[in-house]
Amino acid sequence: MSRIYINGIASISPQSEDIFETEPLKEYQDNIIPALNQDYKSMINPMLLRRMSAAVKMGLFSSKKALLDAKIDIPDSILVGTGQGCLKDTENFMVSMLNSEEGLLRPTSFIQSTHNTVGGQIALDLKCTGYNMTYTQNSASFESALLDSILQFKSETEIQNVLVGGVDETSPAFTGFQKLDGQLKQEPVRNTDLLASKTSGSIFSETSSFFILGSEESENSYAELVDVEIINSTEVQNIGKRTEQFLQTNNLSSSDIDVVILGNNGDSRYDSYYHELREKLFAGKVQLAFKHLVGENNSVSAYAFWLASKIMKEKRIPDFIKLNDLNCKEPRKILIYNQYLGKNHGLILLKNLDL
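In terms of the working numbering, the numbers along the sequence shown are unbroken and rise by one, the last being 1730.
Shown next as structure tokens:
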């Protein structure tokens, strides 16, 4: 299989895209955090914006920015990962249904609430008639989209550029339900204190991160996507073994990894998976975190992918994402590991362009 290059990136989250350069880390007290507002009118028709949910706006805007970054007009394929879809439109439809006592309803909110709305709107805007697929696999939604992108390059020789991303929005009503079963923290927690939390649950946010993957390296390439694996479920004591097996399939071992990005989210019930890797398999490696920046959602691993791409290209690691005091002047191989509620363990491997 030909190599797969990350040639364009863009991200919308509770943190500025310039956090790597000049913008300070933003702090939040709420447990449900919205993404930062963008200049959507600069890239999206204002008449269309009025009808778009947050997920659609974020997805379309960040996908167009990724295309601009890669200097690509239209991708050959569009792949989107979203665990929750357009929550606010779903909420609007259900509220209307209750208010009308299950009478006749306008179908707009229902039509726009489907999970593939984001991918469809991107295709309509770009006039892209190529392969278009949305993956809704809970917290492994982005990893599923990445796996499909690898299959695209492997099986379709004419594929040159694939647009792939992950997007999820918040909804006060639906996200509030997660508080009932302990997914959302009961007490207010400042995002910068999240990783030190010893209670159940996490903080939730909305993010959208999109990428252009190409079959050829460009002058703007960030890194190479090597492989992706999804493990549906495994015991804490086995996560190290399963990670080693993933690396071995790529002719690597844990000693070859320079940086590991972990999805610690302050949930005392399940952060033990990350502690297992931190204290054993990757004890002597640079360890990074990202959810104290942007919180938790079903496609937040796409933000970690954006972070890894930036690290690879800029060859530096900001102190505010470090979990230990180790350093690496030029990361050559980065492993991303994320799980949610002890399930859907995702492993993503990237490497330097020079290797």
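Cβ atoms here follow ideal geometry from the backbone N, Cα and C, with glycine treated the same way.
Which of the three DSSP states is assigned to E1599 in this structure?
strand
Uninterrupted alpha helix (DSSP H) stretches inside the segment 1659 to 1689 (no shorter than 4 residues):
1666 to 1669, 1676 to 1689
Which one or two residues does DSSP pair with F1579 in a beta bridge?
I1407, E1671
For A1385: DSSP bridge partner residues
F1585
Whole angstroms is fine: what's the gap from L1637's alpha carbon to C1703's?
16 Å
Quick check on the burial criterion: 16 or more other C-beta atoms within 10 angstroms. Buried or exposed for H1650?
exposed
Label L1622 either buried or exposed according to how many other C-beta atoms from any shown protein chain fall within 10 Å of its C-beta, with 16 as the threshold for buried.
buried
Counting only runs that start and end within the segment 1513 to 1583, where is the beta strand (DSSP E) found for 3 or more residues in a row?
Restricting attention to beta strand (DSSP E) runs no shorter than 3 residues, the segment 1513 to 1583 encloses them at 1536 to 1543, ordered along the chain.
Am I right that I1497 and I1453 are in contact with their C-beta atoms under 8 Å? What's the rounded C-beta distance?
Contact flag correct, Cβ pair sits at about 6 Å.
Name the DSSP bridge partner or partners of V1431?
BP columns for V1431 are empty, so no partner.
When the distance is taken between beta carbons, is S1516 closer than 8 Å to N1673?
yes
3 or more residues per run - each beta strand (DSSP E) lying fully within the segment 1589 to 1643:
1598 to 1608, 1634 to 1637
Around the C-beta of D1642, are 16 or more other C-beta atoms found within 10 angstroms, so that it is buried, or is it exposed?
buried
On the DSSP letters alone, give me the boundaries of the beta strand (DSSP E) that G1505 sits inside.
Unbroken run through G1505: none, as it is neither H nor E.
Whether D1444 touches N1595 by CB criterion (8 Å):
yes
Within the chosen definition, does the segment 1400 to 1408 reach the segment 1609 to 1619 through at least 3 CB pairs nearer than 8 Å?
Judged by Cβ distances under 8 Å, the segment 1400 to 1408 makes no contact with the segment 1609 to 1619, as fewer than three pairs qualify.
Quick check: the segment 1551 to 1565 against the segment 1582 to 1592, are there 3 or more CB pairs under 8 Å?
no
8 Å contact criterion, which L1710 and L1724 should meet: CB distance rounded:
Rounded, the Cβ-Cβ distance is 6 Å, consistent with contact.
Can you grab the Cα-Cα spacing for the pair Y1510 / V1539, in whole Å?
11 Å
Neighbour-count burial assignment, A1571, 16 or more Cβ in a 10 Å radius:
exposed
Is the beta carbon of I1692 closer than 8 Å to that of K1660?
Cβ distance not < 8 Å, so K1660 and I1692 don't count as in contact.
Continuous beta strand (DSSP E) stretch holding Q1714: start and end:
Run containing Q1714: 1708 to 1715, per the beta strand (DSSP E) assignment.
Bridge partners of Y1415, per DSSP?
Note: Y1415 sits in no beta bridge, so no partner.
Member of G1383, P1563, S1676 whose CA lies at the smallest distance from the CA of Q1714:
S1676
Give the straight-line distance between the Cα atoms of A1430 and Y1506, rounded to the nearest whole angstrom.
21 Å
Excluding the 5 residues flanking W1681 on each side, which residues of the same chain have their C-beta closer than 7 Å to its C-beta?
I1384, S1386, S1584
According to DSSP, is Y1648 part of a helix, a strand, or is it coil?
helix
Buried or exposed: K1439, going by 16 or more other Cβ atoms within 10 Å of its Cβ?
buried
CB contact below 8 Å: K1704 versus chain C:
Judged by its chain identifiers, the structure shown contains no chain C, having just a single protein chain.
Helix, strand or coil for N1719, going by three-state DSSP, please let me know.
strand
Let's see if you can read the secondary structure: which residues bound the beta strand (DSSP E) around I1497?
Careful: I1497 lies outside any beta strand (DSSP E), inside the alpha helix (DSSP H) at 1492 to 1501.
Stretch pair the segment 1386 to 1404 + the segment 1652 to 1668: three plus CB contacts closer than 8 Å
yes
Less than 8 Å between the beta carbons of S1575 and R1644, yes or no?
yes
M1433: buried (16+ other C-beta within 10 angstroms of its C-beta) or exposed?
buried
Compute the Euclidean distance between the alpha carbons of L1627 and V1601, then round it to the nearest angstrom.
11 Å
Bridge partners of K1697, per DSSP?
L1663
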